[in-house]
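Below is one structure; the comments refer to it alone.
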Amino acid sequence: MKMGLHLSAKLAAALVLAISGVAAQAAEAIWQSKVLDDHTVILSAGDAALSQFEPSLMLAASHIDTQTLSPIVDAVSSPWYSLSLNANGRCLSLTDAAHAKQALSELCIESTTNQRWKLSLSKGGIQQVYGLGQQHNTQGEADGDWLGRKRLPGSRMGNAMVYQGEGAVGNTQIPIMYLLGEGKQNIALFFDHIQPLVFDFTKQPYQIQGKGQRARIIVIAGDNLADLRARYLTLTGKPPVPPKAMFGLWLSEYGFDNWQELDDKLATLQQAKFPLSGVVMDLQWFGGIRENSNHTQMGSLTWDEKNFPAPKQKIADLKQRGIRVMAIEEPYIGGALNEFQSLAHAGALARSCPPPCMTPAKIKENPWWGKGGMLDFSSEKGAAFWHDYRREALIDDGIIAHWTDLGEPELYHRKAWYAGVKIDGELKHDHQSVHNLYNLLWSRSIYQGYLRNQRNQRPFIMSRSGTAGSQAYGVAMWSGDIGVNLANLRSHFNAQMHMSLSGIDYFGSDIGGFHGTPWDEQYTQWLAAALFTDLPVRPHTQNLCNCKETAPDRIGDTASNLFNVQQRYALNPYYYTLAHRAWRNGTAVVAPLVYGYQEDVTARTNGSMKLVGDAMLVALEAKDNAKHTQAYLPQGLWYDYRSQQMLNSGGEYYKQPLYIDGVYRLPLFVKAGALIPRANEDETIDLLVVLDERGHARGELIEDDGESIAYQQQQWQFTEFSAQTHQQHIGIQLSAAKGSYAKAPTHKAYQVELANIPPQTVVKNVSFEGEQVTQWQQHGHRLILGMQSIDVEQGGEWLVEFAE
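Under the numbering used here, the letters of the sequence shown match residues 1 to 804, in that order.
Have a look at this one:
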């Protein structure tokens, strides 16, 4: 009996310990939540004492206040999602309730120790993973999502330039991850963490690791991948419309030594009849740098007037020729500059010790640019001082864009003290807490400077790094000092896939490659691809030797380069309309195929087919001696832009030539039912109409003054186009324009190309608003209607009548 009691006591004690252990585990791994709406939920996993969610700077555009989270007990659900705990409380099922009853995956907290946390993600129904910013994975591979790969930080601090293929490319953390299941199943997870994250998709369950006492996640549910992306941009900010000049060709190199060198290259471009929208000034504009010396011009942001005299007049003269100017700036300040002392006094430099110390932290490692300090953009007061002290004068000079280089940041003092950023409500002053936000803070300071000083000019920034939210400040990104080879370009195609889905609509490259020597075929291929994907279109290379070329009349096949540049300018009304859609609705400008064709399994991993808006599809190529390529067309009716023939695809590949009449041209297709506005050299608008199976088509054109922020006060003009086929005629309607802007024309000249009138149809008459049109030509299934001047406030309709 005593023995039995003794055993019972042991069992009871063991049971108490077991219950206590489970309770301790549950407390350690508690999940908390706050429902924001039917599509969005904040999650926290880890320290149960942390019940407040204070959004990071990446979520500034969302205007979400501090949120109080509650422990998850019952399922958190809406018509769009369902999140429920498993029995032990450590795992949370993620269900796309709108498209499936079963969970897409299960997210589990594995540990929270030593200011680190670790999650596991079951494969479940996950078939693809996208997003997470920029990491060039397998050199030479355009295709593929994240499954089977690791998404690693560029360095232990986070964002960095990393060596690849004779050059260096950016590793940029943008912590939005899209999980796709079968069909339309999808969920997005945004990790509100500014410190480095590690994602391992090479083994199951997948692993996610980060720093801090807990994981902070926002779950986003929606109808499809495009819907998820738009909702993510609602949280982090939609991209402002870039200045119209940014949609064209920009001449750039490292670098122009003086105005004469630049003028020589502008002259031959003009002689070869290349359109040009701008020039980019690398660090020579402020006098260059002096290696390993305090007496360097790095950071002066004042013109070297010995080599670049009368800069304001020069910029004005270039503007008269339709050429605008972008100037580089870096975050480093030479120690012997007057600016160094002024910035130190203003508290605008990263410091060597906490306040009241004002001593700047000196950067001495790898002093290729010189020696000095680094700007502290986490100090809003200091950043504002720098903007007003130097950058304002450049804007007065006529600079329309700012090139923020080295902003990972490339070099830094590991023990520097910063004004700081908040993490989980606590102000952090160390470098790692600032590192991944550094370029976002820099971009924000420029954007806020324009607002503070009541500039009407649009801010535009070209950055080498950034994070979620950078796009809201007018940022375009490029992939860094990429090496000169086509394998790197193919990797760039894959990086563009993930950057587009990470919310970066404007992403490009040093066209032709930065490190190495470009050659003709390679340059022609690179330029042709970039003319579809990049903004701005910017050939760039390391040319301190003055022995390389970047201008498209001096390298590559000139005829091909000219054709492709002119084609991009012709399509810019469409691109500009897409930029307005991106700002208004969060729709992608250039996206991977999966963005529009999520349910097409073949489309899901294709990184070289790019959607331009929702109406155009281009097949990119980057291979030595390439004469043909394979273009994949999703199911449906497509217009071959080059052959001018219709293709009825069942979801299949088409072998396509890359040279037509000796000119290198990438395969380009227009989706049936689209109406594309194009620009002619005489500034008339050319409407390409591609009828769908019902004989219908729709399109739109959005215009503004191209330079100011007035469009944000509704000063823009919207024109809608449509086409409808009836038994014996087709009506092509141009609606009365809605809205207006300063100096908007009252009349515009339009032409029409009707690409696919019904087979064996003969046109007998064309009229516009009842008046007979005499300038028209039928070429088989194509109909060309000559120029028609139209009152934009009235609109009008062409009527194309068929013979019986």
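Glycine included, C-beta positions come from ideal geometry on N, C-alpha and C.
On a predicted model such as this, the values are computed, not experimentally measured, just so you know.
By the CB criterion at 9 angstroms, M326 and F460 fall inside the cutoff. V594 carries a helical assignment under DSSP once its states are collapsed to helix, strand and coil. At the C-beta level, V76 and S120 stay beyond 9 angstroms of one another.
Look at the beta carbons and you see the stretch 562 to 575 touching the stretch 274 to 282: at least three pairs across the two are nearer than 8 angstroms. For the beta strand (DSSP E) assignment, the uninterrupted runs of no fewer than 3 residues enclosed by the stretch 757 to 798 are, from N- to C-terminal side, 763 to 768, 776 to 779, 782 to 791. The Cβ-Cβ distance between I482 and F507 does not fall below 9 angstroms. Close CB contacts of D38 within its chain, under the 7 angstroms cut and outside five residues either way in sequence, are with S78, P79, W80 (chain order).
The continuous beta strand (DSSP E) containing G46 extends over residues 40 to 46. Assigned with DSSP and collapsed to three states, R414 falls in coil, not helix or strand. DSSP, reduced to helix, strand and coil, places L121 within a strand of the structure shown. When rounded, the separation of the alpha-carbon atoms in Q260 and G607 is 41 angstroms.
Between the C-alpha atoms of N439 and R665 there is a straight-line separation of about 36 angstroms. Counted as a single uninterrupted DSSP element, the alpha helix (DSSP H) harbouring F385 occupies residues 380 to 386. Scanning its chain for C-beta atoms nearer than 7 angstroms, with the 5 sequence neighbours on each side dropped, one finds around L486 the residues Q522, Q525, A622, K623, D624, in chain order.
Listed in chain order, the non-local C-beta contacts of A674 below 7 angstroms within the same chain comprise A615, V690, A697, G699, local neighbours out to five positions each way being set aside. In the structure shown, the three-state DSSP call for G210 is strand. Looking only at A344, R391, E410, the smallest Cα-Cα distance to M157 is reached by E410.
In the DSSP secondary-structure assignment, Y641 is not bridged to any residue. Listed in chain order, the non-local C-beta contacts of L544 below 8 angstroms within the same chain comprise Y254, G255, local neighbours out to five positions each way being set aside.
Inside the stretch 315 to 339, DSSP marks no whole alpha helix (DSSP H) run of 4 or more residues. Under a 10 Å Cβ-count criterion, A529 is classified as buried, with 16 or more other Cβ atoms of the shown protein chains found around its own Cβ. Under the three-pair Cβ rule at 8 angstroms, the stretch 98 to 112 does not count as touching the stretch 142 to 153. When secondary structure is reduced to three states using DSSP, V565 falls in the helix class. Inside the stretch 86 to 137, DSSP marks whole beta strand (DSSP E) runs of 3 or more residues at positions 91 to 95, 105 to 113, 116 to 121, 128 to 131, from first to last along the chain. Secondary structure note for L235: its alpha helix (DSSP H) is the uninterrupted segment 225 to 236. Distance from the Cα of Y130 is smallest, within the candidate group L225, Q724, F53, I423, for L225. Per DSSP, the unbroken alpha helix (DSSP H) holding W259 starts and ends at 259 to 271.
Spanning the alpha carbons of K265 and P311 requires a straight line of approximately 18 angstroms. The beta-carbon separation of A626 and L658, rounded to 6 angstroms, stays under the 8 angstroms limit for a contact. In the three-state reduction of the DSSP assignment, R455 falls in the coil class.
DSSP places Q733 in the strand class (E or B) of the three-state scheme.
As DSSP reads the structure, A679 sits in a beta bridge with I685. Shown here, H747 sits in a strand according to DSSP, grouped into three states. By the Cβ-count criterion, L451 is exposed, with fewer than 16 other Cβ atoms from all chains shown falling within 10 Å of its own Cβ. Straight-line measurement puts the Cα of H345 at about 34 angstroms from the Cα of D192. Residue pairing from DSSP places E426 in a beta bridge opposite I423.
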